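Structure, as structure tokens:
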Amino acid sequence: MIKFIATNKWFKDRHVLKNINLEIAKGEVIVICGPSGAGKSTLIRTINKLEPIDDGEIIVDGMYLSDPKTDLTLLRAEIGMVFQHFNLYPHKSAIKNITLAPRKVRGLSKNQATDRAEKLLDKVGLIHRRDAFPVQLSGGEQQRVAIARSLAMEPKIMLFDEPTSALDPELINEVLDVMTSLAKEGMTMVVVTHEIGFAQKVADRVVFMDDGEILEEGTPPDIFVNPRHQRTKEFMSSVFHIPIFDANQEED
Amino acid sequence: MEFNYEFDWAIPFTDPYLGMIITGIKVTLILFAATTVTSLCLGTVIAIMRISRITILRAAGTLYVEIFRNVPGLFWILFFYFVFPELLPEKWGQALNHYSHYPVVAGIMGLTVDNASYVSDILRSGRLAIPHGQREAAISTGLGRVQQYSHVLLPQMFRVTLPPLGTRMVHNFKNTSLCMAITAPELTWATQNIESLTFRGIEATSIATGFYIVLAGIMVSIIILLEKYLKIDVSSINQSSA
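In order, the protein sequences belong to chains A and B. Take the position in the first sequence, starting the count at 1, then add 1; the result is the number in our numbering. Take the position in the second sequence, starting the count at 1, then add 10; the result is the number in our numbering.
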């Protein structure tokens, strides 16, 4: 579904993605973690070409991103993206936020788009907030509307760029629940997150990045419990404070 | 000091002076309404040029603003009345010069190019106030460049800049009086005409003053209502992460 081949990217003279090779299969849920500045967000943003790459190739659903003939609108219509700060359109109600792109890009009629949007609002548990404006919604609600907005394009891939980092702790779960059910439906998902619980429960693979490189990838236990790299070990113990290390030691 | 003037408030309300005032009000409103629309359209185009990625468009937009904003509006009104017809092929120029409403048309053109330069500057600042995440959200749902502007960016640009845009439109309303210089029969021209015909300029001017105050007041009220109705709470616009 998504394939990175020797991808490199620089911001001026800073090498932010270093020789990235990664293959993501259809229906896989990949969690990308690592310290801030590792290039996680940049990596995920290259998939729908919000960030162009300087070297290498990315192939998404058969489309070559470095090929200037690739139809970016088509590419982006197939990839949903959820942002840390939701980025809902503040001048549009929840339902209008969702119906805009299906109507303008997919060419749905107003009724078709509204039907679809209402189903999605129901799915994320916000049908009662249908006509609310973003300012009237809590952060968790805004993010769930943002997820519905992406899903309304019926994407093949969903990208999540730290979807819960801007949320109050008690609002995080409502967003993670929606993401979990989406993963169960077989959506191909790439998620940048620090939510280890979510990663353990939902991720097929975890990718650990540091300083623009993929240091290691594997199943959640591989990365969280038995990381091979010293850097991954340090990161897991110092940043997350997860008790999983203790549990592991008890087993030993 | 002795005030040696006897008011005659009846004069501006008698024929043919009343007709001049009514025509003046009509022409003033036409000038204002027309230039509001045209300068908003032109100003929007120039603003988009100035934030374009295409260097030549950006340069052209900037050149426009530097030329039209830095020269008095009155000059552009005079330019379109006296000079512009001469620049056209002779036939067209003569047609314009013989067109009885050309003063109003020239006034609209002059006011438009002047006002649009300010409008474009205001809208451009509005674009800079919209967080980058808005455009990214639009891009990532597959919206094209034109759709990004028409559905996401421009509506927010107008909302964010409503207060300064409103002030600008009040300025533009007052600037319609400059068109008296090219004999467009708007309200200020009418009062000066009555003054020269009857020496009852104070009366006529007072009536005009009242009209300007009332109409500008109505406009300001409409703008305040619009601001309330279209207000975007700043807290709902979140900064995008790097």
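Glycine included, every Cβ here is placed at the ideal spot set by N, Cα and C. Every value quoted in this text rests on a predicted model; they were computed, and no experiment measured them.
* Within-8 Å CB hit, R150(A) to chain B -> Start at 1 with the first residue of the first sequence, and residue 150(A) comes out as number 149. Yes - at least one Cβ of chain B is within 8 Å of the one on R150(A).
* Taking buried to mean at least 16 other C-beta atoms within 10 Å of its own C-beta, is I247(B) buried or exposed? -> In the second sequence, counting from the first residue as 1, residue 247(B) sits at position 237. Confidence is the limiting factor: at I247(B) the pLDDT is only 44, short of 50, which leaves the residue's position unreliable and the question unanswerable from this model.
* Cβ of E146(B) within 8 Å of any chain A Cβ -> As a working mapping, residue 146(B) is identified with position 136 in the second sequence. Chain A, which has a Cβ nearer than 8 Å to the Cβ of E146(B), makes this yes.
* To do: Excluding the 5 residues preceding and the 5 following N20(A) in the sequence, name in chain order all residues of the same chain whose CB lies nearer than 7 Å to its CB.
  => Numbered from 1 along the first sequence, position 19 holds the residue referred to as residue 20(A). Excluding sequence neighbours, N20(A) sits near A7, N9.
* Asked: So the beta strand (DSSP E) V30(A) belongs to, where does it begin and stop?
  -> Along the first sequence, one-based indexing puts residue 30(A) at 29. Per DSSP, V30(A) belongs to the beta strand (DSSP E) from 30 to 34.
* Excluding five sequence neighbours on each side, which residues of the same chain lie with their C-beta closer than 6 Å to the C-beta of F199(A)? -> Indexing the first sequence from 1 puts residue 199(A) at position 198. Closer than 6 Å at Cβ, skipping near neighbours: L177.
* Nearest candidate by alpha-carbon position, reference N14(B), set E76(B), I212(B), V115(B), L236(B) -> Within the second sequence, numbered from 1, the residue matching residue 14(B) stands at position 4. When only C-alpha atoms are compared, the closest one is I212(B).
* Do R134(B) and L163(B) have their C-beta atoms closer together than 8 Å? -> Numbered from its first residue, the second sequence carries residue 134(B) at position 124. Numbered from its first residue, the second sequence carries residue 163(B) at position 153. For R134(B) and L163(B), no; Cβs fall outside 8 Å.
* Based on Cα-Cα distance, which residue from L235(B), Y239(B), I228(B) lies nearest to L39(B)? -> Sequence index remark: in the second sequence, residue 39(B) carries index 29 (1-based). Minimum Cα distance to L39(B) is reached at I228(B).
* Asked: At what residues does the alpha helix (DSSP H) containing N302(A) begin and finish?
  -> Missing from the structure shown is residue 302(A); chain A here goes from 2 to 253 and no further.
* Per-residue DSSP class, three states only, for W199(B) -> Here residue 199(B) is taken as the residue at index 189 of the second sequence, counted from 1. DSSP places W199(B) in helix when its eight states are reduced to three.
* Asked: Quick one, are the C-beta atoms of G117(B) and I77(B) less than 8 Å apart?
  -> Residue numbering aside, residue 117(B) sits at position 107 when the second sequence is read from its first letter. Residue numbering aside, residue 77(B) sits at position 67 when the second sequence is read from its first letter. No; because the gap between Cβ atoms is not below 8 Å, this pair is not in contact.
* When I58(B), A70(B), T186(B) are compared against G120(B), the one with the closest alpha-carbon -> Here residue 120(B) refers to the residue found at position 110 of the second sequence. Comparing Cα-Cα distances from G120(B) to each of I58(B), A70(B), T186(B), the minimum goes to T186(B).
* Asked: Under the rule that 16 or more other beta-carbon atoms within 10 Å means buried, what is V192(A), buried or exposed?
  -> The residue given as residue 192(A) occupies position 191 in the first sequence. That one is buried.
* **Chain-ordered neighbours of R169(B) on chain A, where CB pairs are closer than 7 Å** => On the second sequence, position 159 is the one that residue 169(B) refers to. What R169(B) touches in chain A: H92.
* Asked: Just to confirm, are R206(A) and G187(A) a CB contact at a threshold of 8 Å?
  -> The residue given as residue 206(A) occupies position 205 in the first sequence. The residue given as residue 187(A) occupies position 186 in the first sequence. In this structure, G187(A) does not lie closer than 8 Å to R206(A) by Cβ.
* Run down chain B in chain order and give the residues with a C-beta less than 9 Å from the C-beta of V106(A). => Stepping through the first sequence from its first residue, residue 106(A) is reached at position 105. Here the neighbours are T151, G152, L153, G154, Q157.
* Short CB-CB distance (under 8 Å) between G176(B) and chain A -> As a working note, residue 176(B) is residue 166 in the second sequence. It does not: the Cβ of G176(B) has no partner Cβ on chain A nearer than 8 Å.
* Assuming R150(A) contacts I99(A) (C-beta within less than 8 Å), just tell me the rounded distance between them. => As a working mapping, residue 150(A) is identified with position 149 in the first sequence. As a working mapping, residue 99(A) is identified with position 98 in the first sequence. With a Cβ gap of about 5 Å, R150(A) and I99(A) count as contacting.
* To do: To the nearest angstrom, report how far apart D18(B) and P26(B) are at their CA atoms.
  => Here residue 18(B) refers to the residue found at position 8 when the second sequence is read from its first residue. Here residue 26(B) refers to the residue found at position 16 when the second sequence is read from its first residue. Their Cα atoms are separated by approximately 15 Å.
* Asked: With a cut-off of 8 Å, does the C-beta of H195(A) fall near any C-beta of chain B?
  -> Position 194 of the first sequence holds residue 195(A). Chain B, which has no Cβ nearer than 8 Å to the Cβ of H195(A), makes this no.
* Going straight from the alpha carbon of S37(A) to that of S166(A), what length do you get? -> Here residue 37(A) refers to the residue found at position 36 when the first sequence is read from its first residue. Here residue 166(A) refers to the residue found at position 165 when the first sequence is read from its first residue. Roughly 12 Å separates the two Cα atoms.
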